[in-house]
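As structure tokens, the structure follows; a few thoughts come after it.
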Amino acid sequence: MLTIYLLRHGQTAYNADGNKYCGRTDVNLTDEGLQQAERMRELLQKQEFDAIYSSPLARALNTAQIASGRPDDVQVEQRLIEIDFGEWEGKRPEEFQITDPESWKNWLQDPLLNRAGRVGESGAQVLDRLNSFYDELLAKYDGKTVLVVGHNGVNRFFMADRLGMPLKNYRMLVQENSALTVLTVAKNFGFNLLKLNA
Numbered sequence: 027m028l029t030i031y032l033l034r035h036g037q038t039a040y041n042a043d044g045n046k047y048c049g050r051t052d053v054n055l056t057d058e059g060l061q062q063a064e065r066m067r068e069l070l071q072k073q074e075f076d077a078i079y080s081s082p083l084a085r086a087l088n089t090a091q092i093a094s095g096r097p098d099d100v101q102v103e104q105r106l107i108e109i110d111f112g113e114w115e116g117k118r119p120e121e122f123q124i125t126d127p128e129s130w131k132n133w134l135q136d137p138l139l140n141r142a143g144r145v146g147e148s149g150a151q152v153l154d155r156l157n158s159f160y161d162e163l164l165a166k167y168d169g170k171t172v173l174v175v176g177h178n179g180v181n182r183f184f185m186a187d188r189l190g191m192p193l194k195n196y197r198m199l200v201q202e203n204s205a206l207t208v209l210t211v212a213k214n215f216g217f218n219l220l221k222l223n224a
């Protein structure tokens, strides 16, 4: 069984500005985001990790480096990058829901098969790369504890899928900026969500 401390990055300007969709846009942490990562470091200072992984985007990588207290040990993993939100990128939900209600409706009804923002990733594509990463992680670190720092979209997709939820319900899972989520993964898709936003 693998224990995963699954973090979302700290606050960014996009989060603070009406929660703009920030998929592949590489924005940095705000001062508040840096403070959130520091608070997480204090919370995790007695926890030993056998490995630390992060999305390549600066907001996640900076969070991982600060929160782990081991910046040189953070391994960048491309498969943890945030969902490609296509034409929604950099826009607030109320903006693209008005200009393109059809793609939003399709995404809400079936994100597994529909592309985000018409030209972004489908849920199936996202889950393919996430499952590939987490299956490799379990094979390599079974019985150990790993810190993973990612993003709101990919983290919720992963948890929803492993919890057996229809993917269209992924938004029912809320992961706050730089909040502590702890879960375990075992062979044959065993999954337990131990803490969410602790």
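Every position in the sequence shown, counted from 1, becomes a number in the working numbering once 26 is added. In this text, a Cβ means the ideal position worked out from N, Cα and C, and glycines have one as well.
Extent of the continuous beta strand (DSSP E) run through Q101: Against the sequence shown, residue 101 aligns to sequence position 75. Start and end: 100-102.
Own chain, CB closer than 7 Å to G95, minus 5 neighbours either side, in chain order: As a working note, residue 95 is residue 69 in the sequence shown. Counting only Cβ-Cβ distances below 7 Å, and skipping sequence neighbours, we find R67, Q71.
Buried versus exposed, by CB contacts within 10 Å (16 or more), R197: Here residue 197 refers to the residue found at position 171 of the sequence shown. Flag for R197 reads exposed.
Residues near L226 by beta carbon distance below 7 Å, same chain, minus five either side: Residue 226 is absent from the structure shown; the chain starts at 27 and stops at 224.
Sequence-distant residues of the same chain with beta carbon closer than 6 Å to A205, five excluded per side: Position 179 of the sequence shown, counted from the start, is the residue given in the question as residue 205. Closer than 6 Å at the Cβ level, and outside the excluded window around A205, lie N223.
C-alpha gap between R144 and K117, whole angstroms: By one-based count along the sequence shown, residue 144 stands at place 118. By one-based count along the sequence shown, residue 117 stands at place 91. Their Cα atoms are separated by approximately 14 Å.
Closest by C-alpha distance to L164, when choosing among R34, K213, A142: One-based indexing of the sequence shown puts residue 164 at position 138. Nearest option by C-alpha distance: K213.
CB of A142 within 8 Å of CB of F111, strictly: On the sequence shown, residue 142 is found 116 positions in, with the first residue counted as 1. On the sequence shown, residue 111 is found 85 positions in, with the first residue counted as 1. Yes, they are a contact pair.
Beta-carbon spacing of T210, E74 below 8 Å: Position 184 of the sequence shown holds residue 210. Position 48 of the sequence shown holds residue 74. Their beta carbons are not under 8 Å apart, which means T210 does not touch E74 by this criterion.
Nonlocal neighbours in the same chain, by C-beta distance under 7 Å from D99, ignoring five residues either side: As a first step, residue 99 is located in the sequence shown; it is residue number 73 there, counting from the start. I78.
Rounded C-alpha distance that separates W114 from K131: On the sequence shown, position 88 is the one that residue 114 refers to. On the sequence shown, position 105 is the one that residue 131 refers to. Taking the straight line from one Cα to the other gives about 13 Å.
Assigned secondary structure, G179 (DSSP; H/G/I helix, E/B strand, else coil): Your numbering for residue 179 matches position 153 in the sequence shown. G179 falls in the helix class under three-state DSSP.
Under the three-state DSSP convention, the category N218 falls into: Start at 1 with the first residue of the sequence shown, and residue 218 comes out as number 192. Looking at N218 - three-state DSSP - the assignment turns out to be strand.
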